Amino acid sequence: MVDLKTQYDKISDEIDNAIKEVIESTAFINGPKVKDFQAALENYLGVKHVIPCANGTDALQVSMMGLGLEPGDEVITTSFTFIATVEVIALLRLKPVLTDVDPNTFNISIESIKKAITPKTKAIVPVHIFGQCCDMDAIQQIADEHGLYIIEDACQAIGSDYTGKDGRKKKAGTIGNVGCTSFFPSKNLGCYGDGGAIFTNDDALAKTLRSIVNHGMAVRYHHDTIGVNSRLDSLQAAILEIKLKYLDQYIASRINAADYYDEAFKNQPKLKTPYREPHTRHVFHQYTLVTHGIDRDKMQEYLQSKDIPAMIYYPVPMHLQKAYVDPRYKPGDFPVTEELSRTVISLPMHTELDSEQLEYISGHVLNFIQS
Ligand SMILES: Cc1ncc(COP(=O)(O)O)c(C=O)c1O
70 MVDLKTQYDK ISDEIDNAIK EVIESTAFIN GPKVKDFQAA LENYLGVKHV IPCANGTDAL
130 QVSMMGLGLE PGDEVITTSF TFIATVEVIA LLRLKPVLTD VDPNTFNISI ESIKKAITPK
190 TKAIVPVHIF GQCCDMDAIQ QIADEHGLYI IEDACQAIGS DYTGKDGRKK KAGTIGNVGC
250 TSFFPSKNLG CYGDGGAIFT NDDALAKTLR SIVNHGMAVR YHHDTIGVNS RLDSLQAAIL
310 EIKLKYLDQY IASRINAADY YDEAFKNQPK LKTPYREPHT RHVFHQYTLV THGIDRDKMQ
370 EYLQSKDIPA MIYYPVPMHL QKAYVDPRYK PGDFPVTEEL SRTVISLPMH TELDSEQLEY
430 ISGHVLNFIQ S
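Letter by letter, the sequence shown follows residues 70 to 440 of our numbering.
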């Protein structure tokens with residue numbers, strides 16, 4: 070699905086030097102490279118505070134801890150996401166309240182959020198799925214009306230823009246009270262291991278979050294809150310600082326690949342190409358087709374037989390996952406999500422796709438649907 074080796078080869082001198090610098094400095098934990106990357110990312114995102122941490126899952130968990138959410142508090146999120154979003158809610162003994170999604174963007178459905186609100190609701194976690202932002206104006210309005218926090222799961226959407234009703238452009242993850250991202254290697258800004266970060270414009274919250282990721286300590290060996298050990302390694306920060314310079318170029322390559330696929334699959338009634346919402350820049354973490362009237366799993370098998378690693382994100386919605394079985398939910402509750410789980414397929418999407426590869430992949434997709 071990704072070609073990290075070719076991407077690395079193009080910037081290997083810079084990366085190797087940055088890694089060597091960290092090793093020679095021996096500042097492996099919370100070294101200057103972490104601060105440098107943090108500052109560079111704050112500047113790129115136009116946000117006051119970036120709190121680096123160990124991965125995107127921790128970013129979500131620490132955000133919920135930092136906002137003071139307590140057992141039993143209800144947190145609304147989507148059933149069409151990666152498990153981490155729901156996992157941390159459950160781990161903290163909060164109550165995940167799931168919703169359906171919009172059939173075009175696959176992002177959280179605004180009507181579904183409205184229906185899910187109760188007096189116990191404390192937060193909404195919109196997931197900017199596959200790389201384009203949710204309808205943040207509508208979500209903000211609901212949050213304001215009900216006094217709720219917004220925790221953006223921007224793990225798949227770093228670099229995506231959102232243009233609000235007021236015409237102001239903001240980056241994904243910098244719109245709600247707090248935003249979370251992942252630097253998992255295949256992400257749009259990926260490191261060479263695990264990594265993550267939290268974003269906020271709230272000074273007091275930033276201070277709390279910074280302490281939580283480091284054992285709840287602001288002054289060494291003085292622990293004011295219960296924390297976790299969730300730091301971004303200096304080596305990963307050094308790699309990310311280099312790769313951040315190329316992020317917009319990487320996004321442009323992904324959009325080019327998406328444009329190619331869109332053109333190849335236009336006017337194919339069996340395939341619905343990704344809808345691009347005008348209020349946001351889709352950064353194509355995934356290029357996901359919705360299939361009609363074909364056996365999606367057979368299509369995946371066929372593509373795999375041609376060495377095309379097409380993937381299904383996500384085959385089982387959160388409300389139907391074994392670990393999350395809950396009497397509140399049953400099959401059929403979220404029809405859009407369930408239909409997507411049966412019909413979507415994601416094609417290879419990365420920064421190094423050349424026209425020959427794109428032609429090969431789309432040619433085989435067309436072969437399958439026309440056979
Ligand atoms: C939507 C979403 N949320 C959370 C995460 C968790 O990030 P990580 O794998 O860095 O813990 C991911 C990453 O896969 C994700 O895609």
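Beta carbons are placed, not taken as given, at the ideal position from N, Cα and C, and that holds for glycine.
No experiment lies behind these values; they were computed from the predicted model shown.
Does the beta carbon of residue 125 fall short of 7 Å from some heavy atom of ligand 2? Although ligand 2 was asked about, the structure shown includes only ligand 1 as ligands.
Whole-angstrom distance between residue 410 and residue 433, CA atom to CA atom: Counting from 1 along the sequence shown, the entry for residue 433 is found at position 364. Counting from 1 along the sequence shown, the entry for residue 410 is found at position 341. Straight-line Cα distance between these residues: approximately 22 Å.
Secondary structure of residue 110, DSSP reduced to three states: Along the sequence shown, read from residue 1 onward, the residue named residue 110 stands at position 41. Three-state result, residue 110: helix.
Consult DSSP for residue 167 and reduce its assignment to one of helix, strand or coil. In the sequence shown, residue 167 corresponds to position 98, counting from 1. Three-state DSSP puts residue 167 in a strand.
Cβ of residue 388 within 8 Å of Cβ of residue 148? If you number the sequence shown from 1, residue 388 lands on position 319. If you number the sequence shown from 1, residue 148 lands on position 79. Closer than 8 Å, so yes.
Cβ pair residue 127, residue 265 closer than 8 Å: Here residue 127 refers to the residue found at position 58 when the sequence shown is read from its first residue. Here residue 265 refers to the residue found at position 196 when the sequence shown is read from its first residue. Cβ atoms of residue 127 and residue 265: closer than 8 Å.
Would a C-beta distance cut-off of 8 Å place residue 438 and residue 340 closer than the cut-off? Position 369 of the sequence shown, counted from the start, is the residue given in the question as residue 438. Position 271 of the sequence shown, counted from the start, is the residue given in the question as residue 340. Yes. Within cutoff.
Completely contained beta strand (DSSP E) runs for the segment 269 to 301, where each covers 3 or more residues: 286 to 288
What residue ranges within the segment 374 to 418 form continuous beta strand (DSSP E) runs of no fewer than 3 residues, ordered along the chain? 413 to 416
Taking the C-alpha atoms as reference points, what is the distance between residue 91 and residue 159? Against the sequence shown, residue 91 aligns to sequence position 22. Against the sequence shown, residue 159 aligns to sequence position 90. Answer to the nearest angstrom: the Cα atoms are 37 Å apart.
Going by alpha carbons, who is nearest to residue 238 out of 202, 99 and 246? The residue given as residue 238 occupies position 169 in the sequence shown. Residue 202 is the option with its Cα nearest to residue 238.
What residues match up with residue 219 in a beta bridge as DSSP calls it? The residue labelled residue 219 in the question sits at position 150 within the sequence shown. Residue 219 pairs with 193.
Pick from 320, 275, 418 and 412 that is closest to residue 227, judged by C-alpha positions: By one-based count along the sequence shown, residue 227 stands at place 158. Taking only the C-alpha atoms, the option nearest residue 227 is 320.
Ligand 1 and residue 129: does the residue's C-beta get closer than 7 Å to at least one heavy atom of that ligand? Residue mapping note: residue 129 aligns to position 60 of the sequence shown, counting from 1. Checking every heavy atom of ligand 1 against the Cβ of residue 129, one is found closer than 7 Å.
Whole-angstrom distance between residue 135 and residue 296, CA atom to CA atom: For the purposes of this step, residue 296 is identified with residue 227 of the sequence shown, where counting begins at 1. For the purposes of this step, residue 135 is identified with residue 66 of the sequence shown, where counting begins at 1. Distance between the alpha carbons of residue 296 and residue 135: 9 Å.
Assuming contact is defined by CB atoms lying nearer than 8 Å, are residue 87 and residue 414 in contact in what I supplied? If you number the sequence shown from 1, residue 87 lands on position 18. If you number the sequence shown from 1, residue 414 lands on position 345. No, the Cβ-Cβ distance between residue 87 and residue 414 is not below 8 Å.
Whose C-alpha, out of 210, 116 and 275, is nearest the C-alpha of residue 182? Here residue 182 refers to the residue found at position 113 when the sequence shown is read from its first residue. Closest option to residue 182, Cα to Cα, is 210.
So, for residue 306: in the same chain, excluding its five sequence neighbours on each side, which residues have a beta-carbon less than 6 Å away from its beta-carbon? Mapped onto the sequence shown, residue 306 falls at position 237. So the list reads 102, 103 and 106, once near-sequence residues are dropped.
Just how far apart, CA to CA, sit residue 489 and residue 143? Since the displayed the chain opens at 70 and closes at 440, residue 489 lies outside it and no answer follows.
Measure how close the beta-carbons of residue 167 and residue 398 come, nearest whole angstrom, since I'm counting them as under 8 Å. Here residue 167 refers to the residue found at position 98 when the sequence shown is read from its first residue. Here residue 398 refers to the residue found at position 329 when the sequence shown is read from its first residue. So it is a contact: roughly 7 Å between Cβ atoms.
Cα-Cα separation, residue 351 to residue 218: Stepping through the sequence shown from its first residue, residue 351 is reached at position 282. Stepping through the sequence shown from its first residue, residue 218 is reached at position 149. Going from the Cα of residue 351 to the Cα of residue 218 covers about 25 Å.
Determine whether the beta carbon atoms of residue 378 and residue 417 lie at a separation below 8 Å. Here the question's residue 378 lines up with position 309 in the sequence shown. Here the question's residue 417 lines up with position 348 in the sequence shown. Yes.
Looking only at C-alpha atoms, which of 329, 405, 311 and 333 sits nearest to residue 85? Position 16 of the sequence shown, counted from the start, is the residue given in the question as residue 85. The shortest Cα separation from residue 85 among 329, 405, 311 and 333 belongs to 311.
Sequence-distant residues of its chain with Cβ nearer than 8 Å to residue 164 (five each side left out): The residue you call residue 164 lines up with position 95 of the sequence shown. Contacts found: 141, 142, 143, 144, 158 and 189.
Which class does residue 148 belong to by DSSP, given the choice of helix, strand or coil? Along the sequence shown, read from residue 1 onward, the residue named residue 148 stands at position 79. Residue 148: coil per DSSP, three-state reduction.
Starting from residue 354, trace the alpha helix (DSSP H) in both directions and tell me its first and last residue. What you label residue 354 is simply residue 285 of the sequence shown in a count that begins at 1. Looking at the DSSP string, residue 354 is not in any alpha helix (DSSP H), and its letter there is neither H nor E.
Take the Cβ of residue 374 as the centre, count every other Cβ of all protein chains shown within 10 Å, and call the residue buried at 16 or more, exposed below. For the purposes of this step, residue 374 is taken as residue 305 along the sequence shown, with counting starting at 1. Residue 374 comes out exposed.
Terminal residues of the beta strand (DSSP E) in which residue 119 lies: Counted from its first residue, the sequence shown places residue 119 at position 50. Counting along the chain, the beta strand (DSSP E) containing residue 119 begins and ends at 118 to 122.
In this structure, does DSSP put residue 231 in helix, strand or coil? The count along the sequence shown starts at 1 and reaches residue 231 at position 162. The answer is strand: DSSP assigns residue 231 an E or B state.
Is the segment 229 to 244 in contact with the segment 110 to 121, if contact means three or more CB pairs nearer than 8 Å? yes
Tell me whether residue 307, by its Cβ, gets closer than 7 Å to a heavy atom of ligand 1. For the purposes of this step, residue 307 is taken as the residue at position 238 of the sequence shown. Answer for residue 307: no, Cβ out of range of ligand 1.
Cβ neighbour criterion (16 or more within 10 Å) applied to residue 428: Taking the first residue of the sequence shown as 1, we reach residue 428 at position 359. The residue in question, residue 428, is exposed, as its Cβ has fewer than 16 Cβ neighbours within 10 Å.
Once DSSP output is grouped into helix, strand and coil, what is the label at residue 240? Within the sequence shown, residue 240 is the residue found at index 171, counting from 1. Correct three-state label for residue 240: strand.
In chain order, what residues of the same chain have a beta carbon less than 8 Å from the beta carbon of residue 277, not counting five sequence neighbours either side? For the purposes of this step, residue 277 is taken as the residue at position 208 of the sequence shown. Answer for residue 277: 135 and 294, listed in chain order.
Quick check on DSSP: helix, strand or coil for residue 71? In the sequence shown, residue 71 corresponds to position 2, counting from 1. Here residue 71 sits in coil by DSSP.
Locate the alpha helix (DSSP H) running through residue 445, then write down its first and last residues. Limits of the chain in this structure are 70 at one end and 440 at the other, which puts residue 445 out of reach.
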